[in-house]
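Engineer:
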Amino acid sequence: MIHILTTGGTIEGLDYEKQENKQKQSNITIRELIESANVSFPYIIEKAFAKDSRSITDEDRNFLLKKIKASKAEKFLITHGTFTMEDTAFYLGNKDLEKTIVLVGSFIMGDSKNTDAPFNLGFAVSALQFLKPDVYIAMNGRIFRWNNVTKNITTNKFISKNE
1 MIHILTTGGT
11 IEGLDYEKQE
21 NKQKQSNITI
31 RELIESANVS
41 FPYIIEKAFA
51 KDSRSITDED
61 RNFLLKKIKA
71 SKAEKFLITH
81 GTFTMEDTAF
91 YLGNKDLEKT
101 IVLVGSFIMG
111 DSKNTDAPFN
121 LGFAVSALQF
131 LKPDVYIAMN
141 GRIFRWNNVT
151 KNITTNKFIS
161 KNE
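In terms of full-length UniProt numbering, the sequence shown has 152 at position 152, counting the first letter as 1, and numbering is strictly consecutive.
Written out as structure tokens, the structure reads:
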């Protein structure tokens, strides 16, 4: 079984408007994206919180850690905003959880016509089923280990730290 923990971010259509300092929520949900793919694996979806990832704190990351430790699942998919995804991966990666954890998000709003959300989500779910226990980020058709990933804000892609 895959335990999906949602935290907000663009993949869930969470749009943060700096000028008005408030969030707008779209009509898309991770459940809808998973169901539209007609998947055949067992999963549960649990909303951990709904935040712009720039607002995620270490207390939030500790909350995720507690959810992961309390779950009987061995495989976790965490939907996450891209701004601090690598910080959360690093936080969880240092905990030696002996579970397979993949963080995924999108650069384009989840309810936009040209969103990368369905591709990234499908890629992450597929990768999760084959990866060894550890913490990873799955974005842009690539998989990165928690301690070797960074976001290139010029290209809007995740890359290895040595690229």
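Just so it is clear, CB atoms sit at the ideal spot from N, CA and C, and this is done for glycine as well.
#1: Can you find the residues in the same chain that come closer than 6 Å, C-beta to C-beta, to residue 51, ignoring five residues on each side of it along the sequence?
#2: In chain order, what residues of the same chain have a beta carbon less than 7 Å from the beta carbon of residue 118, not counting five sequence neighbours either side?
#3: Can you name, in chain order, every residue of its own chain whose Cβ lies under 7 Å from the Cβ of residue 65, other than the five neighbours on each side?
#4: May I have the straight-line CA-CA distance separating residue 157 from residue 68, to the nearest angstrom?
#5: Distance, Cα to Cα, residue 127 vs residue 143?
#6: For residue 4, count neighbouring Cβ atoms within 10 angstroms of its own Cβ and tell me buried if that reaches 16, exposed if not.
#7: Straight-line CA distance for residue 46 to residue 31?
#8: Do you know whose CA, among 88, 77, 76 and 43, lies nearest residue 60's CA?
#9: Go through the UniProt domain "L-asparaginase N-terminal" (2 to 156) residue by residue and report every complete run of the alpha helix (DSSP H) that reaches 4 residues or more, in order.
#10: Looking only at its own chain, which residues have a Cβ that is under 8 Å from the Cβ of residue 73, when we skip the five neighbours before and after it?
#11: Tell me which same chain residues have a C-beta within less than 6 Å of the C-beta of residue 164, skipping the five on either side of it?
#12: Can you tell me which of 71, 97 and 57 puts its alpha carbon nearest to the alpha carbon of residue 83?
#13: Give me, in chain order, the residues of the same chain whose beta-carbon lies closer than 6 Å to that of residue 129; leave out the 5 immediate sequence neighbours on both sides.
Structural biologist: According to the structure data:
#1: Excluding sequence neighbours, residue 51 sits near 8.
#2: 33
#3: 92 and 95
#4: 27 Å
#5: Residue 127 and residue 143: Cα-Cα distance of roughly 8 Å.
#6: buried
#7: Take the alpha-carbon of residue 46 and the one of residue 31: they are about 10 Å apart.
#8: 88
#9: Whole alpha helix (DSSP H) segments, 4+ residues: 30 to 36, 58 to 70, 85 to 93 and 117 to 128.
#10: The beta carbon of residue 73 is closer than 8 Å to those of 1, 2, 3, 44 and 99 in its chain, skipping five residues each way along the sequence.
#11: Since the first and last residues shown for the chain are 1 and 163, residue 164 lies out of range.
#12: 57
#13: none
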